[in-house]
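Below you'll find the structure, written out as structure tokens, and then a few comments.
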Amino acid sequence: MKKIAVLFICLLAHVGLHAQVKPYKISMAIKSTSSPQELYKLGKNWFIDKLQCLNKRLVLDDGSQGVIVGQCFFTYQPKVEINSARIKGTVEYTVKLRFRDGWYEYEFSDFRHKGAEISLGLLTDSANCPAAIQGVSDEWKKQVWDDLKAQASAIVKSIIKDMVPEISRQDVSGKL
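To get the working numbering, take the position in the sequence shown, counting from 1, and add 990.
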């Protein structure tokens, strides 16, 4: 009976550790004096006219709920030289905008890497790449994992720098 109890506790600890890993995302709520309707209109105009990304697609456009959701891609050019041709590819991500009275929120999430031969899948907040890839070292996976997150972060910061002034009519260049 003790063995079963110990096994059960170990299983719970293992499940608990994996449950804590969350998808990698960049988000922030920003105060505004504009109405939700005005914010929504500015946000939709920004998404349609100004957002620069590959294969931009509007997935949800709900003015009554103040929500816009879209999907984009960026080309992943690895900084890691080993196996670079095998991991070169795209990263798909989701852009969510929510507009409320007195604030709006942006969220960039669900970053998914698709390589030419090796795909790392969903980026998470984990320090190490969870993908099981045969024939490569854990050190290599960590370098690629960190590079993917760094490139995603740089692209999102560039988008935010252009987006926030368009929606909230304020300069955020020094806040990123």
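No residue lacks a Cβ here, since even glycine has one placed at the ideal position from N, Cα and C.
Using a Cβ distance threshold of 8 Å, residue 1062 and residue 1045 count as a contacting pair.
Bounds of any beta strand (DSSP E) do not take in residue 1091, whose DSSP letter is neither H nor E. Pairing residue 1082 with residue 1088 gives a Cβ-Cβ distance that is not under 8 Å. In the three-state DSSP reduction, residue 1030 falls in the helix class (H, G or I).
In the DSSP assignment, residue 1062 is bridged to 1083. In the three-state DSSP reduction, residue 1046 falls in the strand class (E or B).
Look at the beta carbons and you see the region 1103 to 1110 touching the region 1120 to 1136: at least three pairs across the two are nearer than 8 Å.
Nearest to residue 1015 by C-alpha distance, out of 1099, 1154, 1148 and 1130, is 1099. Beta bridge pairing from DSSP links residue 1095 with 1019 and 1088.
When the beta-carbon positions are compared, residue 1154 and residue 1058 stay at least 8 Å from each other. A buried status is given to residue 1145, since no fewer than 16 other beta-carbon atoms sit within 10 Å of its beta-carbon. Closest in C-alpha terms to residue 1069, from the list 1130, 1149 and 1104, comes 1130.
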